[in-house]
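Using the working numbering, read the sequence shown as starting at 33 and increasing by one per residue.
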Amino acid sequence: MRLIVLFIVTLVGISINAQTLLPTPRNIQATYKKGTRSVDGKPGKNYWQNTASYDLDIHFDPASRLLNGTVNIVYFNNSPDTLKQIWFKLYPNVYKKGTARSFAVRAEDENDGVMIDSLWVNDVLTPVKSFNVSGTNAVLSRQSLANGQQLRFRIVYHYTLNKGSHNRTGEIEPNADFIAYFFPRVAVYDDIDGWNTYPYIGSQEFYNDFCHFNAAITVPANFIVWATGDLKNGAEVLNPVYFNRLQEAEKNDGITTVIDTTELSKKDFTPEGKAFNTWKYEASNVTDFAFATSDHYVWKSSSLVVDPKTNRRTRVDAVFNPQHKDYFHVVSDTRKTVEAMSYRFPAWPFPYPHITVVDGLEQMEYPMMVNDNPVEDRTESITLTDHEVFHTMFPFYMGINETKYAWMDEGWATIGEWLISPMIDSTIVDEYGVMPYAFSAGKETDLPIITLSTEQNRAYFTNSYPKPAMGYLYVKDMLGDALFTKALHHYISQWNGKHPMPNDFFYSMNEGAGRNLNWFWKKWFFEDGIPDLAISKVNRKGNAYSVVIASKGNKPVPVDITVYYTDDTTLKLHRSIAVWEKSSTVTIPFTASKAVKKIVLGDPHTPDSEPQNNVYNQN
């Protein structure tokens, strides 16, 4: 027996249009009543979200991997509620002995987690034991923070960065580190669940508020620091030759080599006479902060105009070990990705001043930063780069709750790589994840996309990556590029810098397109089923053919037919998902200009769980 526990169709007891036909869980219904969200897809008149400012003072020793930090937090309660406790996230505790986690950790990487050395609340020294730590969560009780008030925290802490067991952060190689989720931060308190109490165990990703960050990161001399935000003291921490090159890159379309292979041995990147340098970065209205550091990475940089109305430029960087030859192309591929995102898909000006792709051990995104492993295959390098860079829009610009709804960001990054990769290299046909979904569809491990990511195991990949990407792609095909872009821009304009949830997305797209797409949203995102089309009949009168296509499954997919002539030429025929809104069969006529050899149903981006009935051979 299979329990359906997530989404029950109930009508909200308020005046709502036909869009209430989408299944709506009770906690989402409550937001409509409170006026924080709306069934027209816009933030409600009473929408709110909390925020904080973080001043980070970090000292990191690459040799020992010891990170000593002080974080000063000013947390603002914009909610209508009086908060009686404050929840924190201690993400490095995923490596703490005894912490539940979804990945294997080497014995040498298990540690004591984040050690809190001292804690101040509103300038009052508070016993460290006031923190009730459980895994990656920590709760500070006996607080009272009313609407419109703020609390100040000062936390002094330390922990040791993992050497191996790399999961989104850690030592890449000696004297090269990618450091993320490295500071205590206040958890999200929202209008859906209250406090985000989901523990981080290494599988699901993150949900953070939009905040302001000032970071001072101290590392040994001749270590470079790349980070989220703007470098505020470049002239102080870089020797003039390197700083001037960086300034040149920020103004020019060409590729500038800030640090070349021949200069790595000089170790003269930073001013002489100083054992340590403090790199200062500032970032506003971002959901997280990450940094990388190395003393032996090549640094290539470029920039481009991403907003022709203002002539605003974005700088793109690639920093890497020169032994990894594929990385010499990454700065160019990143530049092309940012250009494609700004002008072609989603055709929205890249929202941040820079993006840095770091040669690391992961395939992971952060605000203005990417941590990508080197790969030998050129196609894989392109698709990996544009996938991770595309995350800039989703989840960072759009504030997605990745923990619960991974499909709301990974699906977009997947369609981003499908569409942008061929723009970089026209020979690429990227069908990442399509066949795995076709294989798993309808089996006992298959779950509706809308199933919370926290409740998934084997279905997590297909539900987060290819299935939602196909859903977006099929709607794009049905609406056409212009109308789809209009709808997507409506969604982006309404929800950037905020926290959209699934129904916010669906209703916003409906509103932006001027079309009720609920029939498709329900079938593709909310319901079980399989994608399965079949050629049920081919009728012929002379050169006039009609091909009858039946939908044997209940997942609507586009119809793509290839007619193969005996001289090996082909004819392509296409119908969008619109044909399945009110019918289970569709007839596609065509006139053959030559002798037909066979007719084949299918496309690289169209899964079919029973493909054996997709070929008609002309007798």
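The beta carbon of each residue, even a glycine, is placed where N, CA and C say it ideally should be.
*Glu371 CB to nearest chain D CB: under 8 angstroms?*
The displayed structure is made up of one protein chain only, and chain D is not part of it.
*Does the pairing of the region 192-205 with the region 101-113 give three or more beta-carbon distances under 8 angstroms?*
no
*asked:* Starting from Ile187, trace the beta strand (DSSP E) in both directions and tell me its first and last residue.
replied: Here residue 187 corresponds to residue number 155 of the sequence shown, with the count starting at 1. Element bounds for Ile187: Gln182 to Thr192.
_Please report the distance separating the alpha-carbon of Thr617 from that of Ser583._
Start at 1 with the first residue of the sequence shown, and residue 617 comes out as number 585. Start at 1 with the first residue of the sequence shown, and residue 583 comes out as number 551. In a straight line, the C-alpha of Thr617 is about 6 angstroms away from that of Ser583.
*Inter-residue Cα distance where the pair is Leu515 and Val337*: Position 483 of the sequence shown, counted from the first residue, corresponds to residue 515. Position 305 of the sequence shown, counted from the first residue, corresponds to residue 337. The alpha-carbon atoms of Leu515 and Val337 are separated by roughly 25 angstroms.
_List, from N- to C-terminal side, the alpha helix (DSSP H) runs of 4 residues or more that fit wholly inside the region 305-385._
362-375
*Element boundaries [alpha helix (DSSP H), containing Trp553]*: For this step, residue 553 is matched to residue 521 along the sequence shown. Per DSSP, Trp553 belongs to the alpha helix (DSSP H) from Asn550 to Trp553.
*Taking the Cβ atom as the reference point for each residue, do Glu237 and Thr483 lie within a distance shorter than 8 angstroms?*
Numbered from its first residue, the sequence shown carries residue 237 at position 205. Numbered from its first residue, the sequence shown carries residue 483 at position 451. Against a cut-off of 8 angstroms, the Cβ pair of Thr483 and Glu237 comes out as no contact.
*Is Ser166 helix, strand or coil when you go by DSSP?*
Position 134 of the sequence shown, counting from 1, holds the residue named residue 166. In the structure shown, Ser166 sits in a strand (DSSP, three-state: E or B).
_Asp635 (DSSP reduced to helix, strand or coil)_ = Taking the sequence shown and counting its residues from 1, the one referred to as residue 635 is at position 603. If DSSP states are grouped into helix, strand and coil, Asp635 belongs with the strands.
*Smallest Cα separation from Gly443: which of Ser413, Phe493, Gln117 and Ile460?*
Position 411 of the sequence shown, counted from the first residue, corresponds to residue 443. When only C-alpha atoms are compared, the closest one is Phe493.
*State the CB to CB distance for the pair Pro112 and Asn179, rounded to an integer number of angstroms; the pair is presumed to be in contact (CB under 8 angstroms).*
Reading the sequence shown from its first residue, position 80 is the one you call residue 112. Reading the sequence shown from its first residue, position 147 is the one you call residue 179. Confirmed, Cβ separation roughly 5 angstroms.
*Roughly how many whole angstroms lie between the Cα atoms of Asp327 and Asp358?*
Walking along the sequence shown from the start, residue 327 turns up at place 295. Walking along the sequence shown from the start, residue 358 turns up at place 326. Those two C-alpha atoms are separated by around 20 angstroms.
*asked:* By the three-class DSSP mapping on this structure, what secondary structure does Trp119 have?
replied: Taking the sequence shown and counting its residues from 1, the one referred to as residue 119 is at position 87. Trp119 falls in the strand class under three-state DSSP.
*Phe210 versus Asn645, Ala219 and Asn199, residue with shortest Cα-Cα distance*: Here the question's residue 210 lines up with position 178 in the sequence shown. The shortest C-alpha separation from Phe210 is found at Asn199.
*Please go through the region 83-127 and give each complete beta strand (DSSP E) segment of 3 or more residues, from N-terminal end onward.*
83-93, 98-108 and 118-121
*Are three or more beta carbon pairs between the region 586-602 and the region 623-643 nearer than 8 angstroms?*
yes
*With DSSP collapsed to three states, give me the class of Gln175.*
If you number the sequence shown from 1, residue 175 lands on position 143. In this structure, Gln175 counts as coil in the three-state DSSP scheme.
*Taking only the alpha-carbon atoms, compute the straight-line gap between Val165 and Val290 and give it to the nearest angstrom.*
What you label residue 165 is simply residue 133 of the sequence shown in a count that begins at 1. What you label residue 290 is simply residue 258 of the sequence shown in a count that begins at 1. Each residue's alpha carbon lies about 44 angstroms from the other.
*Taking the alpha-carbon positions, what's the Ser374 to Asp339 distance?*
Residue 374 sits at position 342 when you count from the first residue of the sequence shown. Residue 339 sits at position 307 when you count from the first residue of the sequence shown. Those two C-alpha atoms are separated by around 7 angstroms.
_Proximity winner among Val330, His356, Asp391 and Phe321, relative to Glu295 (alpha-carbon distances)_ = The residue labelled residue 295 in the question sits at position 263 within the sequence shown. That would be Val330, whose Cα lies nearest to the Cα of Glu295.
*So, using beta-carbon positions, are Tyr469 and Pro639 closer together than 8 angstroms?*
Position 437 of the sequence shown, counted from the first residue, corresponds to residue 469. Position 607 of the sequence shown, counted from the first residue, corresponds to residue 639. Taking 8 angstroms as the Cβ cut-off, Tyr469 and Pro639 qualify as a contacting pair.
*Give the straight-line distance between the Cα atoms of Ile581 and Thr415, rounded to the nearest whole angstrom.*
By 1-based counting over the sequence shown, the position of residue 581 is 549. By 1-based counting over the sequence shown, the position of residue 415 is 383. Using only the alpha carbons, I get a separation of about 33 angstroms.
*Return the chain-ordered ranges of every alpha helix (DSSP H) run that is complete within the region 496-557 and spans a minimum of 4 residues.*
498-511, 513-527, 534-545 and 550-553
*Does the region 264-273 come within contact of the region 307-319, defined as at least 3 CB pairs closer than 8 angstroms?*
yes
_Quick check on Asp391: does DSSP put it in helix, strand or coil?_
Position 359 of the sequence shown, counted from the first residue, corresponds to residue 391. DSSP places Asp391 in strand when its eight states are reduced to three.
*Give every residue of the same chain whose Cβ lies closer than 7 angstroms to the Cβ of Gln488, excluding the five residues on either side of it in the sequence, and list them in chain order.*
Stepping through the sequence shown from its first residue, residue 488 is reached at position 456. Cβ neighbours of Gln488 beyond the five flanking positions: Leu479 and Asn495.
*Compute the beta-carbon to beta-carbon distance between Phe245 and Glu314, rounded to the nearest angstrom, for a pair I have assumed lies under 8 angstroms.*
Within the sequence shown, the letter at position 213 stands for residue 245. Within the sequence shown, the letter at position 282 stands for residue 314. Contact holds; Cβ gap of about 7 angstroms.
_Neighbour-count burial assignment, Val257, 16 or more Cβ in a 10 Å radius_ = Residue numbering aside, residue 257 sits at position 225 when the sequence shown is read from its first letter. By the 10 Å Cβ count, Val257 comes out buried.
_Start and end residues, beta strand (DSSP E) containing Trp152_ = As a first step, residue 152 must be located in the sequence shown, where it is residue number 120. First-last of the beta strand (DSSP E) with Trp152: Met147 to Val153.
*Could you pull out every residue in the same chain whose Cβ sits closer than 8 angstroms to the Cβ of Asp144, ignoring the five residues on either side in sequence?*
Your numbering for residue 144 matches position 112 in the sequence shown. Same-chain partners within the cutoff: Lys128, Lys129 and Tyr191.
_Applying the 10 Å Cβ sphere with the 16-neighbour rule, what's the burial state of His606?_
Mapped onto the sequence shown, residue 606 falls at position 574. Per the 10 Å Cβ criterion, exposed.
*For the alpha helix (DSSP H) that Arg410 lies in, which residues bound it at each end?*
Translated into positions along the sequence shown, residue 410 becomes position 378. Start and end: Arg410 to Phe422.
*Distance between Asn228 and Pro636 (C-alpha atoms, nearest Å)*: Indexing the sequence shown from 1 puts residue 636 at position 604. Indexing the sequence shown from 1 puts residue 228 at position 196. If you take the alpha carbons of Pro636 and Asn228, they lie about 38 angstroms apart.
_Residues that DSSP places opposite Thr617 in a beta bridge_ = Within the sequence shown, numbered from 1, the residue matching residue 617 stands at position 585. Looking at the DSSP assignment, Thr617 forms a beta bridge with Ala582.
*Is the region 375-382 touching the region 168-186 in the sense that three or more CB pairs, one from each, lie closer than 8 angstroms?*
no
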